[in-house]
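Position 32 of the sequence shown, counting from 1, maps to 31 under numbering that gives the first Met the number 0, and the rest follow consecutively.
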Amino acid sequence: MNILLTAINAKYIHSNLAVYSLRACAGEYRDAVELAEYTINNQKDYILEELYKRKPDVLCFSCYIWNIDYVTDIAREYKKLCPSVPIWVGGPEVSYEVDAFLRENPYIDGVMIGEGEDTFRELCGYYAHKRKLSDIAGIAFRKNSTGNSTSNRTSVNNAGCKADEIVFTSPRPIKNMSEIPFCYDTLDDFSNRIIYYESSRGCPFSCSYCLSSVDKTLRFRDTEIVKRELKFFIDQKVPQIKFVDRTFNCNHAHALELWRFIKANDNGVTNFHFEISADLLNQEELELISDMRPGLIQLEIGVQSTNEVTIKEIHRTMKLERLKEVVRLIQSGNNIHEHLDLIAGLPYEDYDSFGRSFDEIYELKPNQLQLGFLKVLKGSYMFEHATEYGIVYHDKPPYEVMSTKWLSFDDVIKIRRVEEMLEVYYNSGQFEITMKLMECIFDSAFEFFQELGDFYEANGYFGMSHSRIRRCEILLEFLALYLHGCDSDAMTSVGLSENHGDRDDTDFDEHAVDRDNTDFDENAIDRDNTDFDENAQIYSMIQESLIFDLYYRENCKSRPVWATDIGSFKHMTHAYCKNGKLSHVEPFHYIFPDKHTRKLDELPKYHKEPVWALFHYDMRDPLDHQALVEYVDNSKKPERFTD
């Protein structure tokens, strides 16, 4: 017998905890269970062919919102090829509205509902020994597919499916988490994979948009077992362990014990990701994590909204001011990567209200601000009350909101532009310094990203692939419009070439200098002139900050057209860049803020004599991997120089 558990992941680096756990719990049937992992980047025909070649006796799929279309399409075609092979599905995407799912997908033989470890083992026993399906708790199946059970629910005609009798067996009792065997002991290659791990199930909260609130029974895996398993990952030097516990720190003793263990056994490589409620962190926990290696853990903190009416309506428990306080305390240690989450489309949140929520959380300066859109998940409170809230959402996964009583589709479109600009210019980490300066130019971060998104839309820049330098140019185009009202003379007077692009589209060698290049005149702007436009100075500053950001990330192969001719400071390159591409020196007229200065009170002051920034690419920040930067003496000359 060959039972094939199939996972179709969102990315190659992801692992599927569910299929590994099901196989680990298969007991005496474990040797008959095989795994097949693919991604949504694979062609459906490729997956179909690969599954066909495996020749399973039973085919099972793990179903989520990101792969359900793949699963149903592949299962439909597979059934045509192998009509005698039973196809079973399980997972959160098929555990609710089961009747409708089976009616709409007649090629699916059955559904494993809810937690599947024991259910799957018994299902293996059914196919191994031809036991009765009706004796297996926690499943739904068609009677006429098996002919061995009396029905307790009958389906109706729908979408061309026969009026099969749908059998629902008794609910499956919840699983003792400490009884689940370790599921990753047979995984050979941990390199370049994110390992998903759970030390608890259920959630103490009742957020109306979340499926975790459906499971009111909060359970924990014995911490001694957890520590033993984490030690296995640590010894294997797994790059990242992502805990899928819905609120990791809801039990202080549990969280403290595991965080202490992780700190004591730090291998200098492995990173641990946790979803937490920041307002629940106590002083002991804060002191512990503040003393961890930079990059040892990262924290994802759900905020979702700062609108008090919205927070109450979605049944969310959160002390916002305490959350802000804790976020800032965590940041003060400069050792933990923070993600803060917002959701657009929640009840009582209109466009202006969401903008205020955005600005309030952006003000906290997380390493990433994740702007998501409400997903109306089957089985959630939000799903049951969608009509009441006037929520219009996509019929297809991921069931994202299109409009509500408070938010029009036009508003959603505008927020999507904000989201894309946020991803490109903030969350990417590629424009760190420039984004800090923009806060001093614009009164509202939300309005900045909105106006930038509108500029992209008006110029047809969405839907196109852009290089980093082109992203810089577009930002400068936008800023010129904002500062000068699209005055082309004002734009070109501060050094932006009318020709877009790089100085060199090929690999850039800063030791092979074109001494005839005169694109940049450092004296083109006389800042001592009383007629000098303050807006022009801001524009020039952003030109320089963008160059800083480009080199902050990597030693650029190509330079933007507005950058200083590298031949004009070759003596500095020879003096300070003796290790080749592992360093770079660049002149600026501003001392830009370091990364620990999260918010500026004012724009940097102009320095008539340039200051020199030395970028060290062999010494990077462990959290964001930006280069170490120091300011150096421009009077230093090399001991020997030859042309």
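We put the CB at the ideal spot given by N, CA and C, even for glycine.
Quantities reported herein were computed from a predicted structural model and do not represent experimental measurements.
Where does residue i sit, in a helix, a strand or coil, going by DSSP?
{"i": "residue 363", "result": "coil"}
{"i": "residue 582", "result": "strand"}
{"i": "residue 602", "result": "coil"}
{"i": "residue 623", "result": "coil"}
{"i": "residue 136", "result": "coil"}
{"i": "residue 409", "result": "helix"}
{"i": "residue 617", "result": "strand"}
{"i": "residue 124", "result": "helix"}
{"i": "residue 305", "result": "coil"}
{"i": "residue 13", "result": "strand"}
{"i": "residue 375", "result": "coil"}
{"i": "residue 218", "result": "strand"}
{"i": "residue 8", "result": "strand"}
{"i": "residue 22", "result": "helix"}
{"i": "residue 198", "result": "coil"}
{"i": "residue 381", "result": "helix"}
{"i": "residue 186", "result": "coil"}
{"i": "residue 244", "result": "coil"}
What are the residues that DSSP puts in a beta bridge with residue i?
{"i": "residue 274", "result": "299"}
{"i": "residue 239", "result": "193, 270"}
{"i": "residue 395", "result": "BP columns for residue 395 are empty, so no partner."}
{"i": "residue 630", "result": "612"}
{"i": "residue 166", "result": "140"}
{"i": "residue 369", "result": "340"}
{"i": "residue 89", "result": "61, 111"}
{"i": "residue 2", "result": "32, 57"}
{"i": "residue 587", "result": "610"}
{"i": "residue 172", "result": "In DSSP, residue 172 forms no bridge with anything."}
Measuring straight from C-alpha to C-alpha, what distance separates residue i and residue j?
{"i": "residue 606", "j": "residue 588", "result": "5 Å"}
{"i": "residue 460", "j": "residue 480", "result": "16 Å"}
{"i": "residue 402", "j": "residue 576", "result": "55 Å"}
{"i": "residue 355", "j": "residue 305", "result": "8 Å"}
{"i": "residue 195", "j": "residue 241", "result": "5 Å"}
{"i": "residue 312", "j": "residue 211", "result": "17 Å"}
{"i": "residue 175", "j": "residue 341", "result": "33 Å"}
{"i": "residue 330", "j": "residue 273", "result": "16 Å"}
{"i": "residue 558", "j": "residue 322", "result": "42 Å"}
{"i": "residue 290", "j": "residue 553", "result": "29 Å"}
{"i": "residue 542", "j": "residue 345", "result": "38 Å"}
{"i": "residue 476", "j": "residue 455", "result": "10 Å"}
{"i": "residue 59", "j": "residue 116", "result": "13 Å"}
{"i": "residue 619", "j": "residue 581", "result": "11 Å"}
{"i": "residue 40", "j": "residue 423", "result": "22 Å"}
{"i": "residue 375", "j": "residue 563", "result": "52 Å"}
{"i": "residue 38", "j": "residue 11", "result": "6 Å"}
{"i": "residue 48", "j": "residue 17", "result": "23 Å"}
{"i": "residue 64", "j": "residue 110", "result": "16 Å"}
{"i": "residue 268", "j": "residue 233", "result": "8 Å"}
{"i": "residue 285", "j": "residue 426", "result": "25 Å"}
{"i": "residue 596", "j": "residue 399", "result": "36 Å"}
{"i": "residue 592", "j": "residue 407", "result": "39 Å"}
{"i": "residue 624", "j": "residue 630", "result": "19 Å"}
{"i": "residue 190", "j": "residue 317", "result": "37 Å"}
{"i": "residue 487", "j": "residue 438", "result": "Only weak support exists for where residue 487 lies, its pLDDT of 35 falling under 50; the value from the coordinates is given anyway. Taking the straight line joining both Cα atoms gives about 24 Å."}
{"i": "residue 180", "j": "residue 433", "result": "49 Å"}
{"i": "residue 251", "j": "residue 14", "result": "28 Å"}
If you follow the beta strand (DSSP E) that residue i is in, where does it begin and where does it stop?
{"i": "residue 222", "result": "No beta strand (DSSP E) contains residue 222, which is instead part of the alpha helix (DSSP H) from 222–235."}
{"i": "residue 110", "result": "109–111"}
{"i": "residue 390", "result": "Element bounds for residue 390: n/a, residue is neither H nor E."}
{"i": "residue 566", "result": "Run containing residue 566: none; DSSP gives neither H nor E here."}
{"i": "residue 402", "result": "400–402"}
Starting from residue i and walking both ways along the alpha helix (DSSP H), at which residues does that stretch end?
{"i": "residue 473", "result": "467–483"}
{"i": "residue 38", "result": "Premise fails: residue 38 lies in the beta strand (DSSP E), 32–38, not in any alpha helix (DSSP H)."}
{"i": "residue 451", "result": "444–457"}
{"i": "residue 548", "result": "533–552"}
{"i": "residue 253", "result": "251–263"}
{"i": "residue 97", "result": "97–103"}
{"i": "residue 289", "result": "282–289"}
{"i": "residue 435", "result": "431–440"}
Chain B beta carbons: is any one of them nearer than 8 Å to that of residue i?
{"i": "residue 313", "result": "In summary, chain B is missing from the structure at hand, where a single protein chain is found."}
Q) What runs of the beta strand (DSSP E), each 3 residues or longer, lie entirely inside the segment 42–73? A) 57–61
**Q.** Contiguous alpha helix (DSSP H) assignments of at least 4 residues, all confined to the segment 317–345
**A.** 319–331
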